[in-house]
Structures are given as C-alpha cells and as structure tokens.
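Residue numbers (our numbering): 180 to 686.
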Amino acid sequence: MKRIMLPVLLLLVLVGCEGGLRTSYGPSVGILAKRSVNGFTTLRNAFGNAGFAARDLTRLTNRSKRSSVIVWTPTHPTGIEANTTRWMEQWLRMGDKTLIYVVPDSGSETEFFRDARPLAPPEQRLEYRRRYAENLIKEHQWQLLRTALPSNGWLSIQPKVQQTQMVLADSEAARDDAWSDLAESEHPRRVEWVLEAYDRKNKAQQGTFVFQPVGPGAPVWPMGQNVTPTSTKTEFQPIVLSEDGDAIVARLTSKAWGNSQVVVVAGGSLLTNYGLTKPENQALAGRLIRTSFAPLIQSKRVDPRERLLADGSQPQVSFATASYSLPISDRGTEVPRASGAEFFTEFPLSFVTFHIAILGFVICLMLMPIFGRPKRVDRGVLTHFGDHLTAVATLMRRRGGETFARRRISDYMKHVRDESSGPWVIEEPVHAPDPALHLHVPDPKRMAPKVTAPKPIADPPGETSGETSSESHRDPPGETAKAVDTSTIHPESTDRRRDDSDLPDRG
Numbered sequence: 180m181k182r183i184m185l186p187v188l189l190l191l192v193l194v195g196c197e198g199g200l201r202t203s204y205g206p207s208v209g210i211l212a213k214r215s216v217n218g219f220t221t222l223r224n225a226f227g228n229a230g231f232a233a234r235d236l237t238r239l240t241n242r243s244k245r246s247s248v249i250v251w252t253p254t255h256p257t258g259i260e261a262n263t264t265r266w267m268e269q270w271l272r273m274g275d276k277t278l279i280y281v282v283p284d285s286g287s288e289t290e291f292f293r294d295a296r297p298l299a300p301p302e303q304r305l306e307y308r309r310r311y312a313e314n315l316i317k318e319h320q321w322q323l324l325r326t327a328l329p330s331n332g333w334l335s336i337q338p339k340v341q342q343t344q345m346v347l348a349d350s351e352a353a354r355d356d357a358w359s360d361l362a363e364s365e366h367p368r369r370v371e372w373v374l375e376a377y378d379r380k381n382k383a384q385q386g387t388f389v390f391q392p393v394g395p396g397a398p399v400w401p402m403g404q405n406v407t408p409t410s411t412k413t414e415f416q417p418i419v420l421s422e423d424g425d426a427i428v429a430r431l432t433s434k435a436w437g438n439s440q441v442v443v444v445a446g447g448s449l450l451t452n453y454g455l456t457k458p459e460n461q462a463l464a465g466r467l468i469r470t471s472f473a474p475l476i477q478s479k480r481v482d483p484r485e486r487l488l489a490d491g492s493q494p495q496v497s498f499a500t501a502s503y504s505l506p507i508s509d510r511g512t513e514v515p516r517a518s519g520a521e522f523f524t525e526f527p528l529s530f531v532t533f534h535i536a537i538l539g540f541v542i543c544l545m546l547m548p549i550f551g552r553p554k555r556v557d558r559g560v561l562t563h564f565g566d567h568l569t570a571v572a573t574l575m576r577r578r579g580g581e582t583f584a585r586r587r588i589s590d591y592m593k594h595v596r597d598e599s600s601g602p603w604v605i606e607e608p609v610h611a612p613d614p615a616l617h618l619h620v621p622d623p624k625r626m627a628p629k630v631t632a633p634k635p636i637a638d639p640p641g642e643t644s645g646e647t648s649s650e651s652h653r654d655p656p657g658e659t660a661k662a663v664d665t666s667t668i669h670p671e672s673t674d675r676r677r678d679d680s681d682l683p684d685r686g
C-alpha cells in the first residue's frame, strides 16, 4: 500500500503546483470530481468494483426506489428535511435497503498541503507552507461557526474537533461480520463531528441552521421547509469510536424498516479522494461496502459469490450530493401535465423553443459588454452657431472654395450695397473686343445716303409695263440716312443684363 500511496501523492503534488488544486466538495462523477481532493470518485469506483451499478440521484422518484443503496454526501452540514425524511422511511420499509449518510466537514485540503510539503521541490516548499497555514486558519474559522445540526429524529450530530485514533465499539453492530475484523488506526485522525442517540426530551439536540460557510461547500438557504423529528423510533448502535468514546460511525435500525439500515459517518474527509490514500480510511470504505451487501445477502436477493440479483442484474447504488433536501417527484394517478418551463418541451411550443434559445444567445452576444475603458464620444450641440458656420463653409468649399466665397461677397457689395470699390469688391477684368460685335452694330457704309438721278415723269396709264418697273426702284420721299458713331460703344455693353433697365432709381 505504501508503494502505491507515494506515487499518487507525488502526482497530486504536481497537479497542485501546475494546474491548481481542485477542492470542490461532494461530487462523485465528472472530471472535476476526479481531480478534486474533496471529491468522492474513488468511493464511487470502489462500489462499482465491488459489483454495484452506480448512478446519480438528483430527484426522488419511483425509479429511485429501485436502488439498493443510497450514498448521500451533502455539500453543507444541515439536517434532513421532513419530506425527504418521510420518503426515505418509505424507501427503507421496502426492506434490504441501506442509506449511507456522510456528514460534511472541512475536507482534505489542509491535510494535503501538510503531507505534500516535504515532497515538494525546494523552491516551492515555502509556498506549500503558506498554503497550509492559510487553510489551517480557514478551518479554525469554520469550526468556530458550527452548531448542533437540526435533527429529524434519527440521531443527533454535535460539533466536536479532536485528533484521535479510531477504535471498534463494543456493540452488536460492531460484532457483525462486516465490521468485526476492522483494525484500530495506527495514526490519529482529525474528527470534527460526533454522533449521539436522539433524545426527544433534550431540546439542545434539535440544533439550528448554519447559513454561513462552514466548509468547502456552499451554504444553502432553506425556503419554506423545516426539519421536524419523525415519529419513527430508531435504535442507535455505535460502530467506530474515538479514544474518548465518541461515536464516529453509527448504524440506525428500526422495527418499521425491517432489515434496512442507516449508516452515518461523522466526517467526509475520511472518504474523500485524498482521504482514501490512507490505509485506515480504505478499510473503513471496504466495511461500508460489505455492510451494504449484508441485507441483500441475508434475504438471499443477491448471490454471495456472483453478487447479482435474481434477474442477473447488478444491485444499484445511487450517489446524492444535495444539501438539506432532495426534490420529490412521485407519479400520481392523474394524467401528467406540463407545468412551468415544461410547456416549452410540449407540442407546439417545442418547435420554436430551440429557435428562441438561439435568438436569446444572439441577443446576449449583442449586449455583451466591451472590456476596457469606454470611449467618450462628442455628440455636439444642436444650438451651437459654430456648427452652422462649419456647415456653410463646407458647402462653400464643395462649390469652389475661397474664390467662390469672395465672388459671392463682391456681387453682394456691387448689386445690393452699390459699392464700386472696397476691400470686398473684386474689379472685373477688361475683356477683348467681341468678334461678334458686327452682328448687332449697324455698318456705317450701309447707313450712308444714296444719290440718284431724278427719274422722268411717269408715262400715261396706258403704258403699264414701264410704270411698274420704275415704281419699284423709287425711294420714299424725305427719307435720309445718318451715320452712326460706334466709337462710344464699349464692348462690355453687350454683356449687360436684359433687366438692367428695370432697376429702380437709387439716386
């Protein structure tokens, strides 16, 4: 056993140094439970290797009643709720059943750092020493906050921290074949709880709820539920004791349960993954498995050699991690109907449930915050006159820039203010003579007077041929032609607007 323990311990040391030490308490399945020093995967595998079929127990149903053994490892120390107690008693009355209840404690994290410190590399021993001291202080804080747990009438669980060796009790349960050969532990073990028989007259055993963290598991908040003592009378039989005579492992039986039993272990650190590296804890786990088979073998429901049921199947063991209570879902005589969120799994809403989930995921991505400091964006002010000037300047720059702006100002000064000079007035350049000036200026040669000889007196009316031709060349009387002086006409006069004559007199 020592040859196996040393490599396992070295592997745990390397895992603690490189990937971080897993300390989640309670679960027995999954990669996190397997790597955690406070997990119960090793105990679950031990039941599987002994011939049990392991499964998870998250809800109490009619199917759960098929289990021959239930191992309950709550994550927070609390009592057992009244409805859960009632269901458990109905299950125990079926006969040949075993409930193993493990009281949660501080776990095995402190013990791991204490044992791994001498095996750590020299450069990391100081870090292991610091972690050991931190966990030791945290354990002491948890232990100071603990009180007696509320009792459901089976037994009383009291807080008591002690470093002791475990010895076999002198009782009928201890003399059973499953426990008779259990040897005393060689090394002292830390125990934080003790078990006592329940006394209905002793009000101090009822205890109170602990809402603060008192262990590696998260605390629970019972909502509308209570722990009340059951009317079933039980017989308390200690199996393993401490040096002071306090019960560490006990068995509960009742005439109403037949040959069913409840085994309570006062300390989860005795059965965790790291706790089972100790030989005395391994022996304890082996006795728990043997005592789970005992009722099945006595009733001949299981073959002692093959360890199979009559139908050839393996007996079933269920592992539960819930604190305080387990939800109950017994099927009634009425037709099952969907309620609450179950409506989304029924027709016709089941067709759109998946699409709604995808849409919700997309919306979550859209609303996901951006990490980092938010950038301040200047939204501007609508009433700021500078924005108006900027917009006008932008339009002017698109139209032609500064030249266009100056021309517009010059036109305003000339036509509105009637200014012909000034800093904002742009003088127009003198244009060259217009080559098309002859089209709209009269020709002087064509305007000169014509000198013609007097024509003879018209012929008598009988001579129509000569009269018609002479009249066609006759000029109107008194018509004279004058020459037009074009030297005073400026070429720019042709560019004058047509509506200049309509301008008002501003004299």
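C-beta atoms are modelled at their ideal positions from N, C-alpha and C, and glycine is treated no differently.
Nearest-angstrom beta carbon gap, residue j and residue i [assumed within contact, 8 Å]
| i | j | result |
| --- | --- | --- |
| PRO398 | ARG379 | At roughly 28 Å, the Cβ-Cβ gap does not stay under 8 Å, so PRO398 and ARG379 are not in contact. |
| ARG480 | ASP275 | 6 Å |
| GLN322 | VAL340 | 5 Å |
| PRO329 | VAL406 | 4 Å |
| SER502 | THR257 | 5 Å |
| ASP284 | TRP372 | 6 Å |
| SER504 | ASN262 | 7 Å |
| LEU487 | GLN493 | 6 Å |
| SER478 | ASN438 | 7 Å |
| THR264 | ASN331 | 4 Å |
| ARG219 | LEU450 | Residue identity differs from the one stated: residue 219 is Phe in this sequence, not Arg. Indeed they touch by this definition, with Cβ atoms about 6 Å apart. |
Status (buried if at least 16 other CB within 10 Å, exposed otherwise) for residue i
| i | result |
| --- | --- |
| ILE537 | exposed |
| GLY199 | exposed |
| ARG576 | exposed |
| ALA435 | exposed |
| PRO367 | exposed |
| PHE226 | buried |
| ASN217 | buried |
| ALA662 | For ALA662, the predicted model reports a pLDDT of 44, less than 50, meaning its position is unreliable; a value from the coordinates is still stated below. Result: exposed. |
| TRP333 | buried |
| ARG558 | exposed |
| PRO253 | buried |
| ILE542 | exposed |
| LYS244 | exposed |
| PRO640 | With a pLDDT of 47 at PRO640, under the threshold of 50, the modelled position of that residue is not reliable, and the figure given next carries that caveat. By the 10 Å Cβ count, PRO640 comes out exposed. |
| ASN460 | buried |
| ILE316 | exposed |
| ARG466 | buried |
| SER690 | A question about residue 690 goes unanswered here, because the residues of the chain that appear run from 180 up to 686. |
| ALA520 | exposed |
Cβ pair residue i, residue j closer than 9 Å
| i | j | result |
| --- | --- | --- |
| THR221 | ASN452 | yes |
| HIS255 | GLY446 | no |
| THR411 | GLU268 | yes |
| SER421 | VAL370 | yes |
| SER471 | SER287 | no |
| ALA489 | THR237 | no |
| ALA229 | ALA362 | no |
| ALA426 | GLU375 | yes |
| GLY454 | TYR204 | no |
| VAL589 | VAL604 | The residue you asked about is not Val; residue 589 is Ser in the sequence shown. A contact, by the Cβ cut-off of 9 Å. |
| ILE249 | VAL444 | no |
| ARG469 | ALA357 | yes |
| GLU365 | PRO458 | yes |
| PRO506 | LEU305 | no |
Among the options, the one whose alpha carbon lies nearest that of residue i
| i | options | result |
| --- | --- | --- |
| ARG325 | LEU334, PHE472, GLY386 | GLY386 |
| THR413 | LEU420, VAL419, VAL441 | VAL441 |
| ARG272 | ILE542, PRO474, ALA570 | PRO474 |
| GLN391 | GLY437, GLN320, VAL444 | GLN320 |
| PRO338 | ALA383, GLU365, PRO301 | ALA383 |
| LEU561 | ARG555, LYS554, THR569 | THR569 |
| VAL282 | ARG293, ALA327, TRP270 | ALA327 |
| ASN314 | PRO300, LEU298, GLY565, PHE292 | PHE292 |
| GLN342 | GLY424, TRP270, PHE388 | GLY424 |
| ILE491 | ALA232, SER215, ILE507 | According to the sequence as given, residue 491 is Gly; it is not Ile. Of ALA232, SER215, ILE507, the residue nearest in Cα terms is ALA232. |
| GLN416 | ALA348, GLU525, ALA464, VAL389 | ALA348 |
| ARG242 | TRP270, SER215, TRP251 | TRP270 |
Cβ-heavy atom distance, residue i to the ligand PLP, below 8 Å
| i | result |
| --- | --- |
| TYR377 | Within the structure as shown, the ligand PLP is missing, as the structure has no ligands at all. |
### Task
Would you mind listing the alpha helix (DSSP H) stretches within the stretch 253-331 that are 4+ residues and don't spill past its ends, in chain order?
261-271, 288-295, 304-324
### Task
Quick one: which unbroken alpha helix (DSSP H) runs of 4-plus residues sit fully inside the stretch 543-579? Chain order, please.
564-578
### Every unbroken alpha helix (DSSP H) within the stretch 445-513, with a cutoff of 4 residues, ordered by chain
Those alpha helix (DSSP H) runs which fall completely within the stretch 445-513 and span 4+ residues are 458-477.
### Every unbroken alpha helix (DSSP H) inside the stretch 381-424 [4 residues or more]
none
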